[in-house]
Structure formats: structure tokens, C-alpha cells
Amino acid sequence: MSNNLNWHPAREPQAEPLTGRFIRLEKLDPRQHGDDLWEVLQGRESDGKLWDYLPYGPFIERAPFDQWLEGNAASRDPLFYSVIDLASGQVQGILSLMSIVPAQGRIEVGHIAFGAAMQRTPKGTEAVYLLSKLSFELGNRRLEWKCNNANARSKRAAERFGFTYEGVFRKHMVVKDQNRDTAWYSITDDEWPTIAAAYERWLSADNQRPEGQLRTLEACRAEA
1 MSNNLNWHPA REPQAEPLTG RFIRLEKLDP RQHGDDLWEV LQGRESDGKL
51 WDYLPYGPFI ERAPFDQWLE GNAASRDPLF YSVIDLASGQ VQGILSLMSI
101 VPAQGRIEVG HIAFGAAMQR TPKGTEAVYL LSKLSFELGN RRLEWKCNNA
151 NARSKRAAER FGFTYEGVFR KHMVVKDQNR DTAWYSITDD EWPTIAAAYE
201 RWLSADNQRP EGQLRTLEAC RAEA
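Positions 1 to 224 (full-length UniProt numbering) are the ones given, in order, by the sequence shown.
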């Protein structure tokens, strides 16, 4: 009995714009997006815990922040997207596709930095959904999520988004002179249709009402 997959490598992402109900993803452009990102990621109303588990930041001065944005914009892996709120036009966060391995059909969503205005709204979930959807449309077999094992907020997010916990790489990295044990999560291509249907149900106008959501994403996934 043959176990051949007749595998064809995935395609590489090209940072094409992606539009949802609440947000649009565009390739990071420091000139167009820098002022908003400085305000939402480092301003007075920013999330004080945003930089705790990221390998960079916080940025006290604007010049190093701009240099960081320029480096991110020039990168192909990670490939950075800005998150633009459709209602206001404001750039409210960034995230990336990274660890891009088309030959093996493997890709990761990471470097997530959402401003406070995105938190506890559908916008962050939609941003992750749009990049997840693109990842599988490109032919990937596996989408990864990795985070510091001490980062309870990121681990909760991974599980909420439908990623399956796979284990911990102990003493995986040294970040900001601190040990990092890395928790690994994934979604596979055979799991994606059910997870995608739950995202679409959760993001729909039937579920997202002015007074708030009717059903949680987890409940939508249980129904899928």
C-alpha cells in the first residue's frame, strides 16, 4: 500500500491586502503606518504588558522604533502586515507570517502586537483568521503558533483560535537575557475547514451585534 502524498510545495505569501468585516491587512509601510503604530503600541493608551514576551521593545524614543519598523518592512520572513481598522482608518497593530517553509508546507503566525483598541473586539480574531485562511489557501499543511511557555495570555489565545497544544521545547531560547521555554501549537490542513467555519460563524453579522457577541468562538467551533 502506497503512502505517497503526491505533495506539491506551498506558495510563498506576497503580502497582498486582505479585507474582512472589521479590519484590512496591508504590508507594513513605515511611512504610511508609523505614526499610528507609535501611538497605539507605545503611546499613553498602549497596553503596558504588550512587550513583556516579545524579543524587542519597549521603545522609549521614536527613532529606535522607526528603525525597528523599517527592518520589519524590509523582511520577507517574517512578513509583516499592518492591521487597519475599517471604521476609523487607523492602524491599530501588526502581525506576521514567519518560519515560512513552502517545501514542507509549514508556516507560522507570530510577532503579534495589537494596540489596546483591538483588544476585546473582533478585530484581533479577524486578523488571525485572515492570515490563517491565506496560509492554507497557499497550500500549507501546517500552521504554527509558538510562544513563551510563561505567556498565559498567548497560550489562551492559541487555544481560543483553535490551535492544538503539542508540547514544550525546554530551554529553547534566551530572550532579553531570560530563559524561554517555548510552547508549540498547530492547526493542520485537515482540521482547518471546521475551524474556518467556526471563525466565519463567529465573525458574521448574525453573531457580532452592537451589544456584543451572541456566541463565543469556542461555542461556534463546537457547533461546526
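In this text, a Cβ means the ideal position worked out from N, Cα and C, and glycines have one as well.
Sheet register partners of residue i (DSSP bridge)
i: residue 187; result: 143
i: residue 209; result: 212
Nonlocal neighbours in the same chain, by C-beta distance under 6 Å from residue i, ignoring five residues either side
i: residue 214; result: 207
i: residue 197; result: 224
i: residue 53; result: 148, 151
i: residue 225; result: Nothing about residue 225 can be read from this structure; the chain reaches only from 1 to 224.
i: residue 232; result: Only positions 1 to 224 of the chain appear in the structure, and residue 232 is not among them; the question remains open.
Distance, residue j Cα to residue i Cα
i: residue 224; j: residue 140; result: 22 Å
i: residue 86; j: residue 3; result: 46 Å
i: residue 199; j: residue 167; result: 25 Å
i: residue 126; j: residue 169; result: 29 Å
i: residue 216; j: residue 195; result: 13 Å
i: residue 89; j: residue 5; result: 44 Å
For residue i, three-class secondary structure by DSSP
i: residue 19; result: strand
i: residue 11; result: coil
i: residue 224; result: coil
i: residue 5; result: coil
Contacting residues, own chain, Cβ-Cβ under 8 Å from residue i (five flanking each side not counted)
i: residue 69; result: 28, 30, 33, 34, 37
i: residue 116; result: 40, 45, 46, 47
Contacting residues, own chain, Cβ-Cβ under 7 Å from residue i (five flanking each side not counted)
i: residue 66; result: 30, 34
i: residue 173; result: 180, 182
(message) At 3 residues or longer, what runs of the beta strand (DSSP E) sit wholly inside the UniProt domain "N-acetyltransferase" (23–181)?
(response) 23–27, 79–85, 91–101, 106–114, 142–148, 164–175
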